[in-house]
Every structure is written in C-alpha cells, then in structure tokens.
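Listed in order, the protein sequences are those of chains E and H. Numbered by my numbering, the letters in the first sequence go through residues 1 to 224 in order. Numbered by my numbering, the letters in the second sequence go through residues 1001 to 1314 in order. C-beta atoms are modelled at their ideal positions from N, C-alpha and C, and glycine is treated no differently. If you're wondering where the values come from, they're calculated on a predicted model, not measured in any experiment.
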Amino acid sequence: MIKNISNLGDAALYCDFGSEVNKEINSKVIRYFKSIQKENIDGINNLTPSYNKLIISFDLRKKNFQTIKRLIENLNITNDDALESNKIKIPVCCDENFSLDIKRLEEKLQITRDKIYEKFFGKEFFCYMTGFIAGMPFLGDLENELQAKRLETPRVKVPKGSVGLTEQFANVYTFESPGGWNIIGNTPQVIFDSTNENNPNLINPGDVVTFEQITKEQYYNNNE
Amino acid sequence: MNKNYFEIKRAGINTTFQDQGRDNLYHIGIPFSGAMDNRNFQISNKLVGNEVNFPIIEFAYQGPLLKYFGEKINFAITGDVKFIIRKKNNTFEGKCYQSFALENGDELDIISTNKSVYGYLAVSGEFDVNYQWSSCSINTKANIGANNGKKIEDGQKINILNINKNLSDKKLNYINTKIENIRVIQGTNFDYFSDKGKKIFFEKEFVISKLSDRMGMRLEGPKIENIFDTNIKSEGLLKGVIQVPADGNPIIMLSDHGTIGGYPKIGVVISADYDKLVQLTPGSKIKFKKVELADAETLFKLYDLETQNLISQI
C-alpha cells in the first residue's frame, strides 16, 4: 500500500503512495488517514493527507521516527469502506476586479477567457484534500487545456474567496493569504467556519464540487 | 465583574495571546500556532508560578504599553527585551527572567526586543481568553483563537482571573544565545536541485527578508537552481520545512504556516534549532548545516533537557 516511508525532518513520517494523482491513490491515502486517526496513537500529533502522500507528525518528546514507523507498518488497514461524498455547488463571480490572473492565463494557455470559463463552470470536480489555509479544498481534475503552472513568485496577499487554478486543480482561498495559484474569480460562499469546531469545512476530501458563474449583482446580493 | 485588568495603551506591532498551540488539525488546514519560541514561553510562566502552558502575551519587535488596575500581581518577561515599570513615585527599567510586582495604577512599557524578534509576558493569574480547539493561540490568518483571532489592539481591556494570592519573587540566570548556523535534515525533494544549487544551500550565506512573520521566513541570497521541477504535487508541510519556489529563494515554514504546499522541499530545520531560528531578525545572515536524523534526535533531547533544567531551576 504505502510504497515508501521516509523521514521529513526529525519529527514526521513521509508516507509515499506513488507519484500519480488520481482518485484511486488518493482514496487509499484517505483510508489510511482515517484508520490511523481512529487508532489514536499516543505521540502522533498531526496527520496530513494529500493527493498521494500522508505525513504523520509526532511529538519528539514522546516518540521517534523508528518507533512510529514500526507502529504504522504493523497496522492492518482495510480498503473496504466506501468514502463518504457530498455534492456541493459554489457560486463564482469573474468580474475583472476578481479575476486577477485571467490575462496571464489567456497567454499561458493560448485560449480566450470565454473558453476558460466554458471549460471550468458546470464541471464536476473531486475534492482530493483540504488545507494550506484552513478549509481550502483541492479539487480536480481540470481539462488539459486549463492546466497552467503556479506564479513564479507567489503573491504575498491573495484575497479571501479567490478561486484559483494550477495544473489539473482548482481551489478556493478561504482567507486572505499568500499564494501562487492563477486567480480567475471570487466566491461569496463561506467555505470555512471556525465556530463549528466539529465540522468547520464545507468541502471535505471525497466530496464532489461544481462551480457556477454568477454576476456582480448576484455576488453582492449573496454577500448581504 | 472583574476588578483585575490591563488597559492596552499601545498594542505594539504584533501582539497576540499564545499557548502551546493546537494539534491534530493539519488535515483541515489549521497549523499548530502557539508561542514561536517555546522555551521562552514556558520559562515566562514558571517565573510567575503558573503551569508552563498557561496563556501568555507574545509580542514582536515593539511590545505593548499596559496600565494595570487591580490587586497586586507579579509579572515576568522573557526573551531579550527592554521594558520600563512606571509606579506612582518611581520609574525604573526591568530585567528579563525575573518577576516584578504590579500594583493598581502601575504602567508596564514594553519598549522593544533587542536584536531578537519575540518576547513573552506572563502574569501570576489567568488571562481571560476564549479557546478554540483547546488552545487560545491567535492565528490571525484564519481568525482562530482568543480575541476573535485578531491581534491585541489599542484601547482594549484584558481581564485577569484567578490571581495567585501567594506571590513569590522568582529569578533565573539565563542569557539567550544566538545561532548563525541552522542545522537541517535533507528534504524529500533534495535531488530536485543541481549540484551547484545543493552546494550553495549548504555553503553560502542567506539573509532573512523583511517579508517574514509567524507564517514563514523568506530568505534572500544566491539563487538555488532547480533542475527537475519547480512544482511538486501539493502535500503536507511542517514547521521548519524549507521550500524553494521557482525564483530560487528559500522560504522556511514557521508556526502559523500553510498546512499544504507545492514547492520542492530542500530541507527541514531540526527541532532543536527552531526556538533560536525564529528569534533571528530581518537582515540577519544564516548558514545551513547538514545533519543526519540520529544526530537531530540527540540534539533535540539535549535541547529539551536543557529547557527542563532551566524550568526546574526556577
């Protein structure tokens, strides 16, 4: 299952499930994550599932790399449980004040903005993981023609609600934050709610998300 | 009704409540946060007779000016900090690593940190703060923690509960030492970089940029050349991870870091050096030194033992 376990620094295990990004590998990562979470292993203080990696952080006062590695290798993880999945719609406004990188994208991708929107809106995207900033969903997969690299130098401030593209993925900036994704619009939807401690994220790994384009008027009505 | 409180006459630049931080939330995108310099945080609490993980006030560069109202309390400041105590008939400069008393109407003016970034203020009582996920630590990026997740502001009142009635004066002989050599373990994408890039990373000096905060420390210096791919598939990050984006300038992840990142990881700062790293001011020069995992584990044990020894001396 896990192809390789190495150390990331002195207080974390880096579990490699492969180099490809697809739902199959990602679902394995999520199953491992959920199983280890249930084990409640003393000393483990964080788990970070991503496309094809799982990082297990531990308290170096209590455990070290070798002891945690042995514990993880000896776990019996089943692959049977289906992943829970919700369908979620996210409204997005592409007014020029919001679509910060649309010109850059037109040049990078060599297609018009209308084509970019046509290939983006109304399509179903799978949530591979959440994070970077609180609640940010990593959604895929974008069509080949929409795939672009990150900005060379990340922005110091990306506005809250920004919807960005990078490679085959889309995301939503749940807070103002530094970041390097190509921004095409902004959503008024609340994606992360810290007052809901048990379930702060609107979108969770395994969910299916569709973006819908809205006008400036709809955007501001939604904000009221 | 609370009769013991601070009135914030000047908040300072980056003043927040912090404690040990919150764990097991990386998967939804919430970092540990917590006091940047864990040793100085714990010592400050011990100097006023608290449990070491009580909420404290962390400040950076310029500290707050606080006016105290209420019954007599003790406070202590740790780090390398210049501060003044103004009493009715007497104004004097205080010393770090030593408890001082505050009485009704006294002012505590935390002027600045000296050639260091973070300082800590603990009082012999409990700051009246709210907790999210069992921690008061303010994460200003996600607006999580005490004070609605926002920095402490001018004019604010900070209530203090459960004041310790048995005040005793405490002191520790300790001087913060600085480091220039930051020890790192090779990162998972070390081989993304050219031989020249690797050599630069371990041999050349880097300067800490002004664009550094509780989330990350940006470095400037010779560019580290990537020969494989300047992006990776986004994956988890940790405190101390050093990423190198396409522009070749390393960024070190700090306590409020993003939990996921897509730039190659050239190295990870060892746990033993973290408290000292965060205290380095913009403009400081640093060098990275390579260590192996086993050495990093031993170095952390020693560092942690030293911290425990300091705490037990108080």
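* Please name the residue in ILE1251(H), GLU1103(H), GLY1267(H) and LYS1165(H) whose C-alpha comes closest to that of LEU1293(H). => GLY1267(H)
* Using 8 Å as the threshold, is the stretch 1132-1140 of chain H in touch with the stretch 1188-1207 of chain H, meaning 3 or more CB pairs across them? -> no
* To do: List the DSSP bridge partners of ASP16(E).
  => ASN4(E) and LYS53(E)
* Asked: So is GLN1042(H) buried or exposed if we call it buried at 16+ other beta carbons inside 10 Å?
  -> buried
* Considering only the beta carbon of each residue, do GLU1103(H) and LYS1072(H) sit closer than 8 Å? -> yes
* the stretch 16-46 of chain E: which residues have C-beta closer than 7 Å to a C-beta of chain H, in chain order? -> VAL21, PHE33, ASN45 and ASN46
* By the criterion of Cβ-Cβ separation under 7 Å, what are the contact partners of TYR150(E) in chain H? -> Here the sequence assigns Arg to residue 150(E), which means Tyr is not the residue at that position. Under the 7 Å cutoff, chain H gives ASN1231 and GLY1262.
* Among residues of its own chain, excluding the 5 on either side of GLN1098(H), which ones have a beta-carbon nearer than 6 Å to its beta-carbon? -> LYS1171
* **Buried/exposed call for ASN97(E), threshold 16 Cβ in 10 Å** => exposed
* Where ALA1294(H) sits in the DSSP three-state scheme -> helix
* Asked: Under 8 Å between C-beta atoms, does ASN1173(H) make it to chain E?
  -> no
* In chain order, what residues of the same chain have a beta carbon less than 7 Å from the beta carbon of LYS23(E), not counting five sequence neighbours either side? -> PHE126
* Sorted by chain position, which residues of the same chain lie with C-beta nearer than 6 Å to VAL1081(H)'s C-beta, five sequence neighbours on each side aside? -> CYS1096, THR1113 and GLY1119
* To do: Measure the C-alpha to C-alpha separation of LYS145(E) and GLU212(E) and round it to an integer number of angstroms.
  => One detail in the question is off: residue 145(E) reads as Glu in this sequence, not Lys. Using only the alpha carbons, I get a separation of about 19 Å.
* **Contact set between the stretch 122-133 of chain E and chain H, restricted to residues whose Cβ is under 8 Å from the partner** => MET129, THR130, GLY131, PHE132 and ILE133
* Nearest chain H C-beta to GLY185(E) closer than 8 Å, yes or no? -> no
* Do we get a CB-CB distance below 8 Å when we pair ILE1138(H) with the residues of chain E? -> no
* Asked: Which partner residues does LEU202(E) have in the DSSP bridge list?
  -> Beta-bridge pairing links LEU202(E) to no other residue.
* Per DSSP, the bridge partner or partners of LEU1161(H) -> GLU1126(H)
* **Enclosing beta strand (DSSP E) for GLY1087(H) [first to last residue]** => Checking the displayed sequence, the identity of residue 1087(H) turns out to be Lys instead of Gly. LYS1087(H) -> beta strand (DSSP E) spans 1081-1087.
* Closest residue to ILE1057(H) among TYR1263(H), PHE1006(H), GLU1235(H) and ILE1030(H) (Cα-Cα distance) -> PHE1006(H)
* Asked: From LYS1301(H) to LYS216(E), what distance separates their C-alpha atoms?
  -> 57 Å
* Any C-beta of chain H sitting closer than 8 Å to the C-beta of GLU145(E)? -> no
* Given 8 Å as the limit, is there contact between the stretch 31-46 of chain E and the stretch 1018-1035 of chain H, that is, 3 or more CB pairs closer than that? -> yes
* So what's VAL1268(H) in DSSP terms, helix, strand or just coil? -> strand
* List the endpoints of the continuous alpha helix (DSSP H) containing GLU24(E). => 23-39
* **DSSP three-state assignment for GLN1132(H), whether helix, strand or coil** => strand
* Asked: Any idea if ILE1227(H) is buried or exposed, counting beta-carbon neighbours within 10 angstroms, 16 or more meaning buried?
  -> exposed
* Roughly how many angstroms lie between the CA atoms of GLN1308(H) and THR1078(H), to the nearest whole one? -> 16 Å
* **Burial state of GLU152(E) (16 or more Cβ within 10 Å)** => exposed
* Asked: Counting pairs of Cβ atoms below 8 Å between the stretch 176-184 of chain E and the stretch 59-75 of chain E, do you hit three or more?
  -> no
* Quick one: list the residues of chain H neighbouring SER50(E), beta-carbon separation under 9 Å, in chain order. => LYS1233, SER1234, GLU1235, GLY1236 and ILE1260
* Asked: Could you give the C-beta distance for PRO1282(H) and ASN1189(H), rounded to a whole number, given that I count them as a contact under 8 Å?
  -> Incorrect: roughly 26 Å between the Cβ atoms, too far for contact.
* Asked: Can you tell me where the alpha helix (DSSP H) with ASP1275(H) in it begins and where it stops?
  -> 1274-1278
* To do: Name the one or two DSSP bridge partners that TYR1068(H) has.
  => PHE1006(H)
* Asked: At which residues does the alpha helix (DSSP H) containing SER162(E) begin and terminate?
  -> Run containing SER162(E): none in the alpha helix (DSSP H); it sits in the beta strand (DSSP E), 162-166.
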